[in-house]
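S.K.:
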Amino acid sequence: MIAQGIRNHHRAVIPYVTAGLPDLDATGRIIAALADAGAAAIEIGIPFSDPMADGPVLQRASHRALQAGFRMDALVERLDGWSATVDIPLIVMSYINPLMRRGLHETLERLRDGGVKGVIIPDLPRDAGRIFAHCRDIGLDLIRLLAPTTLPARAKDVLSQCSGYVYAVSVKGVTGQRTILPEGIRDQVASIKALTDLPVCVGFGVSRASQVNELLGFADGVIVGSFLMQRIMNAHDPVQAAHNALKSIRNAS
Amino acid sequence: MKGYFGEFGGQYVPETLLPALEELESAMDEAFTGKDFRDELDSYLSDYVGRPTPLTHATRLSEHFGCEVWLKREDLNHTGSHKINNAIGQILLARRMGKQRIIAETGAGQHGVATATVCALFGMECHVYMGSVDMARQRVNVERMKLLGARVVPVDGGTATLKDATSEAIRDWIANVDTTYYLIGSAIGPHPYPTMVREFQAVIGREAKEQILRRTSSLPDAVIACVGGGSNAIGIFNAFMDDTAVELIGVEAYGEGNGRHGASISFGSPGVLHGTRSFLLQDRDGQVKDTHSVAAGLDYPGVGPQHSFLAATKRARYGLVTDDQAVAAYKLMGRLEGIVPALESAHAVGYLEQYRRDNRGKKVLVNLSGRGDKDIHTVIGGAS
């Protein structure tokens, strides 16, 4: 279902937004604004105290959201309302610990009940077979990441337990904006596409409309996180800022 | 399952790092099975580190506590703590793997100093991540690392202590994984680190067991060591694991009590931090809690996964010592034995105050994991 949505979307850009920044009401309005600006899907980030795969911008976003009093229960309560207002898939991205705290399976079911269509967990255990099976059983896509360092045998294993889309990490590094795309990203996407029929979306480091243009030439979608969160955090009107940022990065010629 | 201690351990890491962990594991397996690596390691341990370290019968301390106290003197290692055992082992491995750039995290600075030392010894580039709070309270070690040619990178994120330094080291590793070896200082992190660090620290227990048997003709009743991440403790426990009559006691930092502490096993619940599943101090949403200990090396919200397993299976038990009790033990050791222990190690000594109540006359082996010159400022200044 997520896969179909991405394939059918014109210029599929998937924004990532840290939940609870400046508060959950604002997150709801930001989600609506991003959908209005043409997002293909939205990744809702659960803030975490120790985001080891994130660069400075998303670390700061996490930290601020926690300072502002983010609570998991409050998020889960709102999911239903958010998913009812948009007609694109909502995806939750979280480090594994906040999801495991009150039982991973139960938490995933609560997300599903809130209308969430997929989850991304950057620090899944090496063998995630049981987690994938549970997601499949409850009707949740488990979107997996593949890195530039991932070897072909591992990529095959991961792809056999992946649904929704493949999150191709563009760089060896943490999340954050970079001015140039790494060499080899085109080959990386091609080699993933040779192994799967799932859409392949590229994330990490995307901060310019020209990069989005280039990536959409060979990838099925582009994920934009730090670029957007920096604009949201710097703005007086975060909702308008989110809308403008997505429009500008998605629609450049 | 591979890389697990019961339900604890594992590899909860970004996909980018998995190939590096595999490469490390095969290098480790190859090194541990071959004789030449052992020989090389042993020669550095004896000729550079100064091993074996002595076992000291602390007679005045024994009299004070009414127990027979034996101290394993890891404070007498080159660089002043047990951390060098692991640093020298891992740097030899890094060399075999052809890595030239070394990164490390440090809390008290002892592991940072050990890493900077072995990097200098082998002419390798060294970057040590350290929380800015820790840099302020362990200034001497910061200067030592710089003298040894290391770059000390301040970490301001989160609580600016060991956990944040560890996160930042992991971020560096993700970005530079091709060229860089991450030299973890404790028995934490994703597999194979907890096993590898234990193997490099196991020399402590091997020597101590042989020494105490030779000197006293019997095993100790208890082995006591402080636990932050838990590398010195796992190193000394390892030799006594199958000697079930020997009680294994880890001592956690109880800080100021009342929620301001670093006692993950005593007060935590299972969770994932820095790539491993273990007991963790966290709130009801799985956010990692702030910790506190007067000993920077114990100021960590997690613990090595094997300790969680030993606690869950009751092979070891874990006690608590407060900041004040540790400082008291720090001073007591100086006066009674002429030995100034690291504040971390002072937690193990301080536990004797509780242990002796029900164990008069028992024979106790205490791991004196490091020396306390670095802490004089903290103790005298009353700062924490």
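Top to bottom, those sequences are chains G and B.
Per my numbering, the first sequence starts with residue 1, numbered consecutively.
Per my numbering, the second sequence starts with residue 1, numbered consecutively.
Cβ atoms here follow ideal geometry from the backbone N, Cα and C, with glycine treated the same way.
1. Chain G beta carbons: is any one of them nearer than 7 angstroms to that of B/Q11?
2. Any C-beta of chain B sitting closer than 7 angstroms to the C-beta of G/M93?
3. Grouping DSSP H, G and I as helix and E and B as strand, with all else coil, what is B/L41?
4. Using beta carbons (cut-off 7 angstroms, strictly below), is B/G16 in contact with chain G?
5. Which first and last residues belong to the alpha helix (DSSP H) in which G/F227 is found?
6. Return the CA-CA distance between G/G69 and G/G20, expressed in angstroms with no decimal places.
7. Short of 7 angstroms in beta carbon distance, which residues of its chain neighbour B/A31, apart from the five on each side in sequence? Order them along the chain.
8. Is B/E256 closer than 7 angstroms to B/Y318 when the C-beta atoms are compared?
9. For G/D141, list the residues DSSP reports as bridge partners.
10. Quick one, are the C-beta atoms of B/F279 and B/G268 less than 7 angstroms apart?
11. Please report how far the alpha carbon of B/G10 lies from the alpha carbon of B/H274, in whole angstroms.
12. Taking 7 angstroms as the threshold (beta carbon to beta carbon), is G/I96 in contact with chain A?
13. Mind reading off the beta-carbon distance from G/F132 to G/L142? Whole number of angstroms is fine, and I expect it under 8 angstroms.
14. What number of angstroms, rounded off, separates the C-alpha of B/S308 from the C-alpha of G/R64?
15. Assign B/R51 to one of three DSSP states: helix, strand, or coil.
16. Based on the DSSP output, what are the partners of G/Q161 in its beta bridges?
17. Does DSSP classify B/N359 as helix, strand or coil?
18. Should B/V118 go down as buried or exposed, given a rule of 16 or more other Cβ atoms within 10 Å for buried?
19. With a threshold of 16 other CB atoms inside 10 Å of the CB of B/V161, please say whether the residue is buried or exposed.
20. Under the criterion of a Cβ to heavy atom distance below 6 angstroms, does G/A12 qualify as lining the ligand NAP?
21. Are at least three pairs of beta-carbons, each pair with one atom in the stretch 31-51 of chain G and one in the stretch 69-85 of chain G, less than 8 angstroms apart?
22. Using only CA atoms, which one of B/R315, B/F65, B/D164 and B/L76 lies nearest to B/E353?
23. Quick one: residues in its chain with C-beta nearer than 7 angstroms to the C-beta of G/H66, no 5 flanking neighbours on either side, listed in chain order?
24. Quick one: list the residues of chain B neighbouring G/T150, beta-carbon separation under 9 angstroms, in chain order.
25. Specify, as a first and last residue, the run of the beta strand (DSSP E) that B/E252 falls within.
26. Does the stretch 150-159 of chain B come within contact of the stretch 111-129 of chain B, defined as at least 3 CB pairs closer than 8 angstroms?
27. Is the Cβ of G/Q59 closer than 7 angstroms to any Cβ of chain B?
28. What does G/S49 touch in chain B if you count any residue whose Cβ is under 7 angstroms from its own?
29. Let me check one thing: in DSSP terms, what residues is G/I192 bridge-paired to?
30. Chain B partners of G/V169, CB-CB under 9 angstroms?
31. Distance, Cα to Cα, G/P15 vs G/S226?
32. Does DSSP put B/V57 in a helix, in a strand, or in coil?
33. Under 8 angstroms Cβ-Cβ, which residues of chain B neighbour G/D123?
34. I'd like to know whether the C-beta atoms of B/C226 and B/H347 end up nearer to each other than 7 angstroms.
35. Straight-line CA distance for G/D80 to B/A175?
36. My understanding is that B/A328 touches B/G304, with C-beta atoms under 8 angstroms, so please give their C-beta distance in whole angstroms.
M.R.: The relevant details are as follows:
1. Using a Cβ-Cβ cut-off of 7 angstroms, B/Q11 counts as an interface residue toward chain G, since at least one Cβ of chain G sits closer than that to its own.
2. Judged by the 7 angstroms Cβ criterion, G/M93 is not in contact with chain B.
3. If DSSP states are grouped into helix, strand and coil, B/L41 belongs with the helices.
4. Sequence inspection shows Thr at residue 16 of chain B; the Gly mentioned does not correspond to that position. With 7 angstroms as the cut-off, B/T16 counts as an interface residue toward chain G.
5. Per DSSP, G/F227 is one residue of the alpha helix (DSSP H) stretching across S226 to N234.
6. The alpha-carbon atoms of G/G69 and G/G20 are separated by roughly 8 angstroms.
7. Same-chain partners within the cutoff: F37, L93 and R96.
8. For the 7 angstroms CB-CB criterion, B/Y318 and B/E256 do not form a contact.
9. Its beta-bridge partners are G/G118.
10. Yes.
11. In this structure, the CA atom of B/G10 is about 11 angstroms from the CA atom of B/H274.
12. In the structure shown, chain A cannot be found, because the protein chains are G and B.
13. Sure, about 5 angstroms apart at Cβ, within 8 angstroms.
14. Answer to the nearest angstrom: the Cα atoms are 32 angstroms apart.
15. Assigned with DSSP and collapsed to three states, B/R51 falls in coil, not helix or strand.
16. Paired residue(s): none; G/Q161 is not in a bridge.
17. Looking at B/N359 - three-state DSSP - the assignment turns out to be coil, as it is neither helix nor strand.
18. Buried, since its Cβ has 16 or more Cβ neighbours within 10 Å.
19. Residue 161 of chain B is actually Thr in this sequence, not Val. When all chains shown are included, B/T161 counts as buried.
20. Absence of the ligand NAP from the depicted structure is noted, as is the absence of any ligand whatsoever, leaving it without description.
21. Yes, the stretch 31-51 of chain G touches the stretch 69-85 of chain G.
22. For the residues B/R315, B/F65, B/D164 and B/L76, the minimum Cα distance to B/E353 belongs to B/F65.
23. A small fix is needed here, since residue 66 of chain G is Leu in this sequence, not His. So the list reads P47 and S49, once near-sequence residues are dropped.
24. Within 9 angstroms Cβ-Cβ: E15, T16, L18 and P19.
25. Residues E247 to G255.
26. Contact between the stretch 150-159 of chain B and the stretch 111-129 of chain B is present, because at least three Cβ pairs lie under 8 angstroms.
27. Judged by the 7 angstroms Cβ criterion, G/Q59 is in contact with chain B.
28. Those are G158, Q287 and V288, listed as they occur along chain B.
29. Under DSSP, no beta-bridge partner is assigned to G/I192.
30. Near G/V169 (Cβ distances below 9 angstroms), the residues of chain B are P14, E15 and T16.
31. Those two C-alpha atoms are separated by around 9 angstroms.
32. Strictly speaking, residue 57 of chain B in this sequence is His, with Val absent from that position. Note: B/H57 maps to strand in three-state DSSP.
33. By Cβ distance, chain B contributes Y12, V13, P14, V272 and G275.
34. For the 7 angstroms CB-CB criterion, B/C226 and B/H347 form a contact.
35. Whole-angstrom Cα-Cα distance: 37 angstroms.
36. That belief does not hold up - the Cβ atoms of B/A328 and B/G304 are roughly 27 angstroms apart, past 8 angstroms.
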